[in-house]
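There are 2 protein chains.
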Amino acid sequence: MSEVVKVVVDAMGGDYAPQEPVHAAVEAVKENSEIFVYLTGIEEQIQQELKKYQYPTDRIEIVPTTEVIETAEPPVNAIRKKKDSSIVVGQTMVRKGEADAFISSGSTGAVLVGGQVIVGRIKGVERPPLAPLIPTKDGVALLIDCGANVDARPSHLVQFAKMGSIYMENVVGIKNPRVAIVNIGAEEEKGNALVKETFPLLKETKGINFIGSIEARDIPAGYADVIVCEAFVGNVILKLYEGVGATLISKVKSGMMTSLRSKIGALLVKPALKKTLKSFDASEHGGAPLLGLKGLVVKTHGSASYVEIKNGIKQCLQFKKQGINEKIKEHIQEV
Amino acid sequence: MSEVVKVVVDAMGGDYAPQEPVHAAVEAVKENSEIFVYLTGIEEQIQQELKKYQYPTDRIEIVPTTEVIETAEPPVNAIRKKKDSSIVVGQTMVRKGEADAFISSGSTGAVLVGGQVIVGRIKGVERPPLAPLIPTKDGVALLIDCGANVDARPSHLVQFAKMGSIYMENVVGIKNPRVAIVNIGAEEEKGNALVKETFPLLKETKGINFIGSIEARDIPAGYADVIVCEAFVGNVILKLYEGVGATLISKVKSGMMTSLRSKIGALLVKPALKKTLKSFDASEHGGAPLLGLKGLVVKTHGSASYVEIKNGIKQCLQFKKQGINEKIKEHIQEV
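Sequence order for the protein chains is A and B.
Quick note: the working numbering has the first sequence finishing at residue 335, numbered continuously throughout.
Quick note: the working numbering has the second sequence finishing at residue 1335, numbered continuously throughout.
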């Protein structure tokens, strides 16, 4: 048997906890014999869920905790005070090397703060970026950074470009990924102060395939694989993606209901359309890794289904097998 | 007869010049007897287009110019050197009070630079914002600022909120428009340095209906009428709107073509769908005004059809009739 990858799944995190995280754990270990899952959370609740399933019981273990961090809690306080929460206990296991990765659909703030404070940064990494995969016309792109720390420095963005390239190449499997910086025009002299300072640095950075600026219009079209930006802008892009998508789809649906003719048509196109739109759904692509930490931390949507969490667990396997952190360590110090 | 509003239309600007601007001028004067149009540009070319139409000839006048500013030219240079271009001549007419407004589908950079340098700012206006209307679920919102000047100060954003409110209330006709600032969370303590500094100022600003932060996800849903942001972020929002929309619609179309069943359905839903998607098309809503100038300058898309330009001309009429600039003058000095 090859090496087993140990993933801590936060059984208390997200809108559908503990059902979805527990279901995800069960499916993940059933689908892949190299995965071992620790479920952190209230023991009774987890056991009750686990009872519903048949699975290899030697590859899921409950780590009982007594506290739960709520989404609305101020993250720094929550991490400091709730020492026996599923998030703090799970991330501590990663720091101690008892597990390789931690995955949660819980409070984004708490997961990010815990990642930095408990798991800790790889030496040389200035700021760990949160990097979700977003759907494009024919694939996905990595949007780096969408985290909680805004107002980045140029050196941060250069590190994001390096870490993002390593992730896309090794976890997603895109050879020589195209790296671009979000800008308001294609020309090098355009942009705000941060972009203007960062652009020449990216041009000089070895080991990445920097293709220049990308306008927001060209992100969904798939013009780049690694989309580098400061977290405020990344957050706006990520959320507007969801917002425009949701509004447009609801308009398409209601547009189809305006006449008898179109209602009949809607019945006929529905199955094909559903399949197509699913490919444009961010939640199909697993969670967002928080890169540059001494272990892997993955954040899935608050509303994540077991499928998204399961895909996140599989990402962790790939992350570990490809030695992403070793590669980050190696490249982050180079200039 | 009531007062006539004089609009200069740049006949040389845009991908389909002079055809579309000339066609727009003709339709505008035919539809509304209060509109007078000056067409600036190469006389022969304009005359050739005008010949195609029947229209009240006493309300369109050609102002011949010999130079043309191309989209790729560096804007500051172009404005400085091409004194006899359709943009410089047209904007000079607005500055001199010979016309009320200038509208162009030409180089955005040149139109913005000219607006500031030639037309000039209203006293007290620190930075004139470019403010396009963007489609929302059931209407439109004003996205202010999407201009070329990035890295704004808090006082700029406060002025954007004021000017945007005046525009939405008086030109678009939305009573007591809801003003929100683009942010990465709903809480007041969230945001980058600029947003954190601006938020309390907006709360104290009299005469606007400030409702707090808006996350990008909620913009298409129509949670606010005036979306205040710094130009880099505004530019990203505007272009991502177009990008996600275009990619999703192309996916919906190709999704409908995957089976015989769905192809038949597509034929049936097509007319209804087309109508619905049109309402989500930014170009239906006329041009983007550059607010805070001593006259009105409107920028339409480079690819604008005569319908968009015509709608832009009508916006100018409304702008003048409602005395927007007088209202801006009055409110901009208040704190």
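Ideal Cβ positions, reconstructed from N, Cα and C, are used throughout, including at glycine.
Cβ of residue i within 9 Å of any chain B Cβ
i, result
"Glu215 (chain A)", "yes"
"Phe232 (chain A)", "yes"
"Gly245 (chain A)", "yes"
"Asn77 (chain A)", "no"
"Glu242 (chain A)", "yes"
"Ile227 (chain A)", "no"
"Glu330 (chain A)", "no"
"Gly191 (chain A)", "yes"
"Pro220 (chain A)", "yes"
"Gly347 (chain A)", "Chain A is shown only over 1 to 335; residue 347 (chain A) falls outside these bounds and no answer can be derived."
"Val182 (chain A)", "yes"
"Leu290 (chain A)", "no"
"Ile166 (chain A)", "no"
Residue i - DSSP class collapsed to helix/strand/coil
i, result
"Ala1011 (chain B)", "coil"
"Lys327 (chain A)", "helix"
"Phe1280 (chain B)", "coil"
"Ile332 (chain A)", "helix"
"Ala231 (chain A)", "helix"
"Asn1176 (chain B)", "coil"
"Ser105 (chain A)", "coil"
"Ala152 (chain A)", "coil"
"Lys1263 (chain B)", "helix"
"Ala25 (chain A)", "helix"
"Lys1006 (chain B)", "strand"
"Pro289 (chain A)", "strand"
"Asn311 (chain A)", "helix"
"Ser305 (chain A)", "coil"
"Lys1162 (chain B)", "helix"
"Lys1190 (chain B)", "coil"
"Pro1200 (chain B)", "helix"
"Asn170 (chain A)", "helix"
"Glu1073 (chain B)", "coil"
Short Cβ contact (9 Å threshold) for residue i with residue j
i, j, result
"Gln116 (chain A)", "Ile332 (chain A)", "no"
"Val1026 (chain B)", "Tyr1055 (chain B)", "yes"
"Ile1249 (chain B)", "Ile1237 (chain B)", "no"
"Lys299 (chain A)", "Leu130 (chain A)", "yes"
"Gly1106 (chain B)", "Met1168 (chain B)", "no"
"Gly1302 (chain B)", "Asp1015 (chain B)", "yes"
"Val150 (chain A)", "Glu230 (chain A)", "yes"
"Val111 (chain A)", "Phe319 (chain A)", "no"
"Gly1164 (chain B)", "Lys270 (chain A)", "no"
"Gly124 (chain A)", "Lys278 (chain A)", "no"
"Glu204 (chain A)", "Gly185 (chain A)", "no"
"Lys6 (chain A)", "Tyr38 (chain A)", "yes"
"Leu296 (chain A)", "Phe102 (chain A)", "yes"
"Ala1193 (chain B)", "Pro1075 (chain B)", "no"
Cβ neighbours of residue i in the same chain (closer than 8 Å, five flanking residues each side left out)
i, result
"Val233 (chain A)", "Val182"
Residue-level contact to chain A via CB, residue i, 9 Å cutoff
i, result
"Phe1280 (chain B)", "yes"
"Asp1299 (chain B)", "Position check: residue 1299 (chain B) holds Lys in this sequence, whereas Asp was assumed. Chain A, which has no Cβ nearer than 9 Å to the Cβ of Lys1299 (chain B), makes this no."
"Ser1259 (chain B)", "yes"
"Val1113 (chain B)", "no"
"Pro1271 (chain B)", "yes"
"Val1335 (chain B)", "At Val1335 (chain B), the pLDDT of 49 sits below 50, so the modelled position is not reliable and the matter cannot be decided from this model."
"Ser1155 (chain B)", "no"
"Asp1151 (chain B)", "yes"
"Met1001 (chain B)", "Note on Met1001 (chain B): pLDDT 46, under 50, position unreliable in the model; the coordinate value appears next. Chain A, which has no Cβ nearer than 9 Å to the Cβ of Met1001 (chain B), makes this no."
"Val1026 (chain B)", "no"
"Val1252 (chain B)", "yes"
Cβ neighbours of residue i in the same chain (closer than 7 Å, five flanking residues each side left out)
i, result
"Gly120 (chain A)", "Arg95, Leu293, Lys294"
"Val89 (chain A)", "Thr40, Val63, Thr65"
"Val1195 (chain B)", "Ile1181, Asn1183"
"Ala1072 (chain B)", "none"
"Tyr1306 (chain B)", "Glu1020, His1023, Ala1024, Glu1027"
"Pro340 (chain A)", "Given a span of 1 to 335 for chain A in the structure shown, any question on residue 340 (chain A) remains unanswerable."
"Ala1304 (chain B)", "Gly1014, Glu1020, Ser1105, Ser1283"
Close-in-space but distant-in-sequence residues of the same chain around residue i (CB under 6 Å, 5 per side omitted)
i, result
"Val1335 (chain B)", "Bear in mind that the predicted position of Val1335 (chain B) carries a pLDDT of just 49, short of 50, making it unreliable; the figure below should be weighed with that in mind. So the list is empty, once near-sequence residues are dropped."
"Lys1030 (chain B)", "Tyr1055"
"Glu67 (chain A)", "Lys82, Asp84, Ser85"
"Ala152 (chain A)", "Glu230"
"Ala1078 (chain B)", "Ile1069, Ala1110"
"Val197 (chain A)", "What sits at residue 197 (chain A) in the sequence shown is Glu, not Val. Taken in chain order, the residues that qualify are Pro154."
Residue i: CB within 8 Å of a non-hydrogen atom of the ligand COA
i, result
"Ile328 (chain A)", "With respect to small molecules bound, the structure shown includes none, and the ligand COA cannot be examined in it."
Quick check on the DSSP output: what are the complete beta strand (DSSP E) runs of length 3 or more inside the segment 28-69 of chain A, in order along the chain?
Every beta strand (DSSP E) stretch that sits fully inside the segment 28-69 of chain A and reaches 3 residues is listed by chain position as 35-41, 60-64.
Quick one: complete beta strand (DSSP E) runs, 3+ long, within the segment 1126-1150 of chain B?
As summarised for the segment 1126-1150 of chain B, the continuous beta strand (DSSP E) elements at least 3 residues long and confined to that stretch are 1133-1135, 1140-1144, given in chain order.
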